[in-house]
Amino acid sequence: MRIIVTSLWLLCSLSLFADSPATSVNAPVRVGVFEIPPLVIESPDGTMRGFVYDYFELMKPHLKQPIEWVSFANWNELLQAGEAREIDAVFLAQKNMQRLSLYDFTRPILQLRNYFFVRRDSVGPMNEDTVVGHSVAVIKSSANAEYLRDKFGSQITLIEYPSPQAVLQAVASAKVDTAVLNIAIASHYMKAEGINNLKLSEAIDYQYNLAIATRSDQPQLNVMFESVLDHIDNSRVEALRLKWGLVHERETDWSMAVVTSAISAVFFLLSGYVIMINRRLKAEINKREIFEQQLANLNVKAESERQKARKEARTDPLTGIDNRRKFEEFMRSQIELFMRRGNDFCLMIIDIDHFKLINDEFGHDVGDVVLREVSHSVKKIIRPYDEFGRIGGEEFGVILPDTDITEAKGTAERLMDSVVAYRNHDYPELAVTVSIGLSAMRQGDDFDTLFKRADEALYQSKEQGRNRVTVG
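Numbering of the sequence shown is given in the numbering used here, commencing with residue 288 and proceeding in unit increments.
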């Protein structure tokens with residue numbers, strides 16, 4: 288049974304799986320969730336709380352669309368609804384090979400380690416070396432299930448259950464040998480269900496890096512949501528992790544616990560020897576933890592460098608906006624969407640009037656300032672999911688998805704007025720205007736014909752006196 292909870296004060300720009308993507312500013316965006324404390328908790332009065340909702344509070348000042356929370360009974364139902372395009376977005380999804388054909392993923396916003404849980408009467412640790420030959424309970428259709436199935440195949444008996452409660456009950460009642468879950472989630476359900484005969488064993492080698500999933504055929508959604516995440520303060524996110532118990536847990540030394548219990552029962556006089564072994568084991572564990580932390584730091588640094596390189600390869604260094612390569616990639620994706628689904632969009636080409644004279648009279652440093660200020664003026668007018676790039680020396684391009692030519696012309700005129708309002712305090716006599724060529728995608732167009740028509744419209748704006756918009 289799905290329950291839709293509308294929260295008009297939370298604003299979001301997600302749209303995933305919908306047949307008609309919610310790209311209109313006023314259209315509500317359907318975000319699929321299911322109760323899995325402490326991420327999502329449904330109160331008796333029907334209100335929702337948890338890490339997910341607190342995180343949306345951090346995004347609230349930067350989001351511009353209303354959302355509808357669509358609640359599902361379990362993760363499998365949520366995935367089925369996504370494939371049926373009954374929801375627009377999935378918040379906190381794990382990226383894996385099976386999902387890349389459907390989704391684009393933002394940067395990770397929450398990391399969770401997963402552990403083996405066993406009954407208290409189990410002997411010895413449960414880990415990826417000892418799990419072979421055992422039965423393992425996991426949440427149905429989860430990334431954990433896909434990871435274990437891919438790694439172990441028929442070496443383990445993998446049994447999928449619809450919910451965390453069912454997974455824990457299965458191992459508690461000895462239907463399976465072990466279960467794989469996150470500690471924070473498992474702890475909540477063990478307390479709520481009164482399960483007290485389970486204990487934590489060791490971590491699996493697979494960590495959740497949960498992100499926001501957006502439609503792969505709507506790349507502007509991923510770009511838009513990444514821009515929202517740029518505004519999130521990491522210190523506030525860490526505070527939310529602590530609030531909801533979503534911290535990185537240390538592994539339990541089960542091997543030492545078994546040795547201690549056996550020796551204390553049979554060889555009590557050898558306790559001193561046990562203590563010595565325990566200290567050695569702890570020292571080895573500390574060394575391993577230090578090594579793992581160093582490795583994690585190196586991975587974070589390497590990923591940061593890769594992201595920096597990817598951004599630099601697609602960013603104009605002077606203005607900080609997208610460069611021609613990134614702009615053309617986006618434009619080609621919009622043309623493909625138009626051909627497959629008929630999604631309208633418009634192309635705008637902007638050229639700074641008399642830019643050479645500005646450079647000659649005021650110098651190239653002032654010219655660079657003008658380029659940056661024009662970029663700033665454009666960004667104030669366009670929407671977060673519109674594409675904006677520098678495509679030439681003093682030439683810029685804007686792509687307006689899901690926009691007809693009338694609406695696009697209004698945007699162009701407001702943009703032109705915004706540039707005219709710019710004043711340089713050091714050179715008050717400096718006046719800046721732009722000419723704009725505008726064209727809508729039509730049946731039979733390809734990249735070159737659409738670009739040529741907008742460029743010819745720009746030429747007409749120049750010929751007719753500049754500081755004007757011409758539709759081609």
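Backbone N, C-alpha and C fix where the C-beta goes; we use that ideal spot for every residue, glycine too. Computed from a predicted model, the values in this text were never measured in an experiment.
Tell me, please, whether the segment 500-508 touches the segment 375-384 by the rule of three or more beta-carbon pairs shorter than 8 Å.
Counting Cβ pairs under 8 Å, three or more are found: they touch.
I need the straight-line Cα distance from Asp652 to Asn646, nearest angstrom please.
Their Cα atoms are separated by approximately 8 Å.
At which residues does the beta strand (DSSP E) containing Thr444 begin and terminate?
Its beta strand (DSSP E) spans residues 444-448.
In the DSSP assignment, find the unbroken alpha helix (DSSP H) run with Val377 in it and report its ends.
Looking at the DSSP string, Val377 is not in any alpha helix (DSSP H); the run it does join, the beta strand (DSSP E), is 376-381.
Take the Cβ of Tyr342 as the centre, count every other Cβ of all protein chains shown within 10 Å, and call the residue buried at 16 or more, exposed below.
Result: buried.
Taking the continuous alpha helix (DSSP H) assigned at Gly684, which residues delimit it?
That residue, Gly684, is in no alpha helix (DSSP H); its beta strand (DSSP E) goes 682-688.
Take Val657 as the anchor and find which of Gly440, Ile328, Val707, Phe404 has the nearest alpha-carbon.
The shortest C-alpha separation from Val657 is found at Val707.
Specify the secondary structure class of Ala490 as computed by DSSP and reduced to three states.
Correct three-state label for Ala490: strand.
Flag this pair as yes or no: are the beta carbons of Ser726 and Ala741 separated by less than 8 Å?
It is a contact, given that the beta carbons lie within the stated cut-off.
Would you call the segment 465-481 in contact with the segment 417-430, where contact means no fewer than 3 C-beta pairs closer than 8 Å?
Contact between the segment 465-481 and the segment 417-430 is present, because at least three Cβ pairs lie under 8 Å.
Assign Leu529 to buried or exposed, taking buried as 16 or more other Cβ atoms, counted over all protein chains shown, within 10 Å of its Cβ.
With fewer than 16 Cβ atoms within 10 Å of its Cβ, Leu529 is classed as exposed.
Contact defined as beta carbons within less than 8 Å: I believe Ile763 pairs with Gly697. What is the distance between those atoms, to the nearest angstrom?
This structure cannot settle anything about residue 763, because the visible part of the chain is limited to 288 through 759.
Determine the extent of the alpha helix (DSSP H) in which Thr736 is found, giving its start and end residues.
Note, Thr736: alpha helix (DSSP H), 734-750.
Return the residue from the list Leu365, Gly679, Asn483, Ala473 that minimises the CA-CA distance to Pro325.
Of the candidates Leu365, Gly679, Asn483, Ala473, the one whose C-alpha sits nearest the C-alpha of Pro325 is Ala473.
Ser662 and Thr606 look like a contact to me (Cβ under 8 Å); what is the Cβ gap, rounded to whole Å?
At roughly 4 Å, the Cβ-Cβ gap stays under 8 Å, so Ser662 and Thr606 are in contact.
Is Ser722 helix, strand or coil when you go by DSSP?
Ser722 falls in the strand class under three-state DSSP.
Tell whether a beta-carbon distance below 8 Å holds between Asp464 and Glu415.
No; because the gap between Cβ atoms is not below 8 Å, this pair is not in contact.
Look at Met413 and Val405 and say whether their C-beta atoms are less than 8 Å apart.
The answer is yes: Cβ separation under 8 Å.
Distance check for Phe359 and Ile668, CA to CA, integer angstroms please.
One C-alpha to the other measures close to 38 Å.
Going by beta-carbon coordinates alone, are Asn496 and Pro395 separated by less than 8 Å?
Yes, Cβ-Cβ distance for Asn496 and Pro395 is below 8 Å.
Can you give, in chain order, each stretch of the alpha helix (DSSP H) that sits fully within the segment 604-653 and has at least 4 residues?
Whole alpha helix (DSSP H) segments, 4+ residues: 611-628, 642-649.
Given a cut-off of 8 Å, decide if Met728 and Phe625 are closer than it, judged by their beta-carbon atoms.
Going by C-beta atoms, Phe625 is nearer than 8 Å to Met728.
Nearest-angstrom Cα distance between Leu557 and Asn521?
Between Leu557 and Asn521, the C-alpha separation is close to 50 Å.
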